[in-house]
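Letter 917 of the sequence shown, counting from 1, is numbered 917 in the UniProt record's numbering, and no numbers are missing.
Positions of the beta carbon are idealized from the N, C-alpha and C atoms, including for glycine.
Please read all numbers here as calculations on a predicted model, not as lab measurements.
Reviewing the structure listed below.
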Amino acid sequence: MTLNQTTRFASKLVPMDGNAAAAHVAYNMSEASFLYPITPSTPMGDQYDKWSCAGKKNIWDRVPIVRVLQSEAGAAGALHGAASVGTFTCTFTASQGLLLMIPNMLKTAGELWPTVFHVAARAVSTQALSIQGDHADVMCVKNTGFAMLCSSTIQEVMDLAAVSHMSTVDSEIPFVHFFEGFKLSHQIDSIEPITKEQMKQLMPFDKLNEIRRRALNPQHPIILGHSQGPDAYFQTVELANPYYDAIPKIVQNNFNKLAKLTGRQYKLFDYYGHPEATDVIVCMGAAAPVIKETIDFMAGDKVGLVIPHLFRPWSMEDFIRALPPTVKRISVLDRSKDPAAEAEPLFLDVAFTCKQLNHPAKVTGGRYGLASREFTPLHAKAVFDNMRKEKPIERFTVGITDDVTHLSLTPGKLPGFGPAKRSIQAIFWGLGGDGTIGANKAAIKAAIDVMGMHAQGNFSYSADKSNSLTRSYLRFDSKPITAQYTILEAQFVGCTLPAYVTKYPMADKLAPNGSFFLNCPWDTVELLEKNLPAKFRRQLAKKNARLFVCDATAVAEKCGMHGKISTIVQACFYQLSGLLGEDWLKVTDKWIEKEFSRLGEKVVNNNKLSAREGVKALKEIKIPASWAEAVDAPGAFKDHNFISFLEEKTHEKPKVVSDVIEPCVATAGAGLPVSAFQPCLGGVSPLGTCSWLKKGLSPRMPLWDEKKCIQCNMCGATCPHSVIRPYLLDQQEVKNIPKELKDLSLLDAKGADVKGFKYRIEVSPYDCVGCELCVNHCPAGALSMTEIRSEKGMKRATHHNDMFIWLNDKCKNHGDVIKNKFNIRGSQFQKPMIEFPGSCEGCSETMITKIITQLFGKRMVIANTSGCSSVWGGAFPRIPFITDENGRGPAWARSLFEDNAEFGYGQAVGMELRRCHLKDDVDDFLKDQKKCAKVSKELVDLLKKWSDKWLDGDKSLRLEQPILKAIKENMNDDLKRIVENNDLWVKPSNWILGGDGWAYDIGFGGLDHIMASGKNFNVLVFDNEVYSNTGGQQSKATNIGAVAQFAANGKDTPKKDLAWMMMNYGNCYVAQCAFGNQKEMNHFIKCLKEAEDFNGPSLIVCYCNCILHHIRGALGAGGKGGITAQRLAVDSGYWPLFSYDPRREKEGKNPIEMFSRTPDEKKLDEFLDMQVRYNQLKRQHPEEFTKMRSELHKQVVRRYQKYVNLARVFETK
């Protein structure tokens, strides 16, 4: 598996991903950037900002500036404004963000201002959101007047970025430079960078100065953006024609200039293939190298490829010139879908060109690669095969199996195509948040920087948050790497989580004689045979594989690196592969210092120690020959969704789970045909799919000590994943407990309302993520963590899992007997309507949402903005929301990022309107004595009760089932109008959920508007003071002195006070909440009740811990450190707790209730210093730290006093 390490390969290569390549050019060849973060383009702007904060100079020998706006629309507006005064600007965006820029793009182009938009092209939200790459977004802006250049490799991203900056100035037309998101934006490759000196030579400075002379300036004033009528508008539009006509020549000239400096020659339409080709594919973007490779495998066959670089304006003459004169058939591939058109944009351009210029070629076309769907040489071969058929499919899809409209092509056969033989290829199956991807990026960069190799890294991310599957695909070679598709066979496969071996096809892509590395506690053949499935063992044996094990989890614990095993795994990889030769440890140490220095010296030292200890713990297991015929023992590897000792299942697995959800979770969804997704038509997803996953992420679980338990239920309340729950059992349910579970203790339930019931705390071990919030919040010390990795531990986990399933399937939820559900104890006896969400460990957001669903979930309608909460709440195929026995549960929907307030407002207004219609129909029925006489008195009485209580949520819920039953028994024609709205009996609880990035920034305008409307809905903001979902960018919720992306030197402005602003309307319920102890938790529940009862707009802002805070002593965002941070946030005055209820003022009371005491400033520094986002500024910029820390102290005291003073205004005399 080892390359010859005595050879040093190419000397000029630099490791870069597409984002870094574009940022390198953009920073040097512009003066300013106005932007807003959006995946997957954010790293471009972040790198630009870091260089700016570091004082790095561009080709003008000046430091460019970065300004982050409240939305992409704002960024485009600011960019337009800066361009209009002669500033040479750029921006970075993708997907919906690009679409928000369209109005200003039209203006910028119409006014002939040069600028470049670098777009990591991505799917747009239609039936669902996808963060993956295709060309859907850029095709939406092809009519804006921007010229458009497309890159197909990382090298091209850098080169065409430079040409874009040159050409926009030369032509005076703005440019979009685009490349696929993730496929190119995040792929690391070996490239030759353009130097700063070369960029100076390329930049048309004189032309830029000429443009500046026509910019807005009172010294030479102009009127810009005036209105025009029919007498002038048409003619003025046509004046721009010569500018667009000149672009093809300008771009080609700039390609030529670049070639003179770098030796890399491009054309508007590059051709690759046989000089006398008869069959040609036209394709732009990352699929082009795949088709090139296909053509190489078809050597001698008369086939070719045309790669358009300049997409807009389209040059028909240059396209025809690029084609060999022998071409008879052309097939066009589009990476987007236009649902209402006859065909997609690139196809239409090619077809029109051939028609217009009388080219005889037959043109077919199809779609491929939507949302980063895999496209391999076999798919490219299918396209060639199709166009050669006597009756080809003229509008096709490739890469899927379309058994609905039958448009798909079957993958072709390509002799000679297979795994690359000369290279090292490695696949790592990792866990989001364990550092695997970061470490693998370091391996790529080290191979290029240290060894001079060619290397490539592709990374696959799950839509879940940190506790999710990741895959890293690494290629290392002595020659350039052209493959742009997933590795076919790997000489090295690494697995970082033992649970994966039973869930994923771990060894399918392991090459013969390859090495498999497994992080696990099983270090003997006997233990491995008990824990590795037979199929997996057979694969290893038949492939003559070498198996290496290391208990990296235990090593990490020993070295103080709880759960962070990436350094250990990487060290083992270097040791086994010989990739970096004998100096791998020195290289690793340098990477550790660079990567972790911001987290402090202790973290750096612990990582260095773990690398050394990990290699010591590495052990090879000699695979027995018997494994080739391995068979699982009876009952082995039973599904943890069912009770282990029962043959009869206590619940049935839905067909959609077996047929769709499980294959998608197991990374096999791409093999499903179109028809399999019929239940998902229109973006619908079945509820409760997370309940079937049983990830098995945590090596430990909480264990209940009933002797210490005081039955406060705090453990259930604080659990973010609904893993630990209190149960009430009646006498019959106690009798029904199987003998196998009788050893698990029950207590007499405390409280008059539960007299006669038994009580138990139980845990779902395979859904626990080990955040330890329950253990650390328990006031009685009745919980402790116990390991479940050993044989004894695994039996313990199975036993508790059996009990958890029994309690949920065979015991009724007795929440209805609780007198008061609006406190910790009462709320936790209610069924959580969200379970096992894929959020980060210790996530405050899921804990908050779980409690809301326990109180109102059976009648909730949720509008959820894009962000973390939409990822753990609505990322197919993992849906955590569930239903009750009547099929009731939260109805959840996400529209976009910026419009969530308006979306939720529309839901509330629309639902209210429909229920008003039902109310009218019921009242009309009750007024008609003849109609009433035809039905039972019971139904009439129920309808009267409902008419009286139709605006009472809980009472209307209790009336629903009796009404439905009575209507069914009395059904006649007079009831038909009422029955049409049979699903509207229950007053909905409308909730609008989202993070601070939405509420404080991009969605603030909409939020502000609906809060002033007076309508009845509830808004809850998860305020973690940073854009956590897109990687940690500052928002207006970020406080002064905090370090974040786009605030590398600390944010220099204070936090926006959203709650204060909304209180100014006087007709809104407003509260701030936190979760450091039981009092604060009960305050939160009290606020939820008050907000939901309030007949008008309500806003609850919750302080949320986040893994990006890097809290000392926290496990993710939880653990003891997470709880301490929550408590200190309140005690220090950083996060004051209060509620404002206009109803209290009408009652002659003070509408403001201050729950917090006077701030303890000493605790403020303790709170700030335990978080890396605040303490790293002290190490990096001590003077700025002192200044900002002092200002933050003032802000905290001032903010609290502001609320106290407002409360005094309302004090009665």
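Distance, residue j Cα to residue i Cα
| i | j | result |
| --- | --- | --- |
| residue 984 | residue 555 | 57 Å |
| residue 1054 | residue 1029 | 22 Å |
| residue 864 | residue 870 | 6 Å |
| residue 549 | residue 519 | 6 Å |
| residue 232 | residue 104 | 21 Å |
| residue 433 | residue 544 | 32 Å |
| residue 621 | residue 517 | 10 Å |
| residue 1095 | residue 1071 | 15 Å |
| residue 796 | residue 776 | 22 Å |
Residue nearest to residue i in terms of C-alpha spacing, selected from the options
| i | options | result |
| --- | --- | --- |
| residue 845 | 593, 813, 1105 and 778 | 1105 |
| residue 1002 | 263, 47, 20 and 73 | 73 |
| residue 891 | 898, 911 and 897 | 911 |
| residue 76 | 65, 117, 742 and 53 | 117 |
| residue 965 | 947, 943 and 977 | 943 |
| residue 389 | 134, 707 and 329 | 329 |
| residue 505 | 667, 923, 89 and 675 | 667 |
| residue 1135 | 406, 1144, 1107 and 1101 | 1101 |
| residue 787 | 1128, 697, 306 and 1039 | 697 |
| residue 853 | 988, 539 and 1049 | 988 |
| residue 1193 | 1161, 1182 and 109 | 1161 |
| residue 213 | 88, 743, 154 and 901 | 88 |
| residue 305 | 314, 278, 316 and 312 | 278 |
| residue 722 | 468, 573 and 841 | 841 |
| residue 1176 | 67, 1147 and 1049 | 1049 |
Exposure of residue i, with buried meaning 16 or more beta-carbon neighbours within 10 Å
| i | result |
| --- | --- |
| residue 658 | exposed |
| residue 521 | buried |
| residue 352 | exposed |
| residue 914 | exposed |
| residue 553 | buried |
| residue 670 | exposed |
| residue 404 | exposed |
| residue 936 | exposed |
| residue 1198 | exposed |
| residue 339 | exposed |
| residue 97 | buried |
Simplified DSSP assignment, three categories, for residue i
| i | result |
| --- | --- |
| residue 1110 | coil |
| residue 557 | helix |
| residue 485 | coil |
| residue 248 | helix |
| residue 331 | strand |
| residue 860 | strand |
| residue 376 | coil |
| residue 1018 | strand |
| residue 19 | helix |
| residue 808 | helix |
| residue 523 | coil |
| residue 7 | Bear in mind that the predicted position of residue 7 carries a pLDDT of just 39, short of 50, making it unreliable; the figure below should be weighed with that in mind. Three-state DSSP puts residue 7 in coil, outside helix and strand. |
| residue 91 | strand |
| residue 684 | coil |
| residue 336 | coil |
| residue 921 | helix |
| residue 828 | coil |
| residue 67 | strand |
Check your understanding: Could you give the uninterrupted runs of the beta strand (DSSP E) lying entirely in the region 182-228, keeping only those of 3 residues or more?
Key -> 188-191
Review point. Which whole runs of the alpha helix (DSSP H) in the region 1138-1213 are 4 residues long or more, in chain order?
Key: 1142-1146, 1161-1169, 1172-1180 and 1182-1209
Check your understanding: Which parts of the region 968-1003 are runs of the beta strand (DSSP E), unbroken and 3 residues or longer, counting only runs that do not cross its ends?
Key -> 989-995
Exercise for review: Pick out the complete alpha helix (DSSP H) segments inside the UniProt domain "4Fe-4S ferredoxin-type" (700-729), 4 residues or longer, and give them in chain order.
Suggested key: 714-718
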